[in-house]
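Mind the numbering: the sequence shown is residues -22 to -1, 1 to 79 in mature numbering (1 follows the signal peptide of the UniProt record, and there is no 0), read in order.
Data block below; observations after.
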Amino acid sequence: MSWTVRSIASVVALAMPAAAFALTDGYAQYDECVLQSLRESWNPAAARLIRQSCDALYLNNAMLLPRERRYYECILQSLPGVRDNVAIREILTICSRRGEM
């Protein structure tokens, strides 16, 4: 094997554990978000929105704009424990304004 191929193979082999750790760490943060936020959730619509917010913030966060991040953070701060669909709509409206969505 040539020196270049060995170098590339070495770099890839060293990078794999770091990438795997970053991936599992991201899932740990996602799991914690879901566990903490859904703990007091009574409404299926609120639970779905909370889960989507955790997905956006912890699994798809590289693609988020700052305004989207503010929107999802607002949802996670405001929605747990809400039971009424009218209240959910009001919270979404306010979070949209805060995030300028």
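Think of the CB as a built atom: it goes at the ideal place given N, C-alpha and C, for glycine as much as any other residue.
Taking C-beta atoms under 8 Å as the contact rule, Leu35 and Tyr49 fail to qualify, at a distance of about 10 Å. Assigned with DSSP and collapsed to three states, Arg17 falls in coil, not helix or strand. Secondary structure of Leu70 (DSSP, three-state): helix. Annotation: Tyr36 is outside any alpha helix (DSSP H) and is labelled neither H nor E by DSSP. Counting along the chain, Pro58 sits inside no alpha helix (DSSP H), nor does DSSP assign it H or E at all.
For Glu51, the three-state secondary structure derived from DSSP is helix. Only residues of its own chain outside the window of five on either side were considered, and among them Cys73 and Arg76 have a CB closer than 6 Å to the CB of Cys52, listed in chain order.
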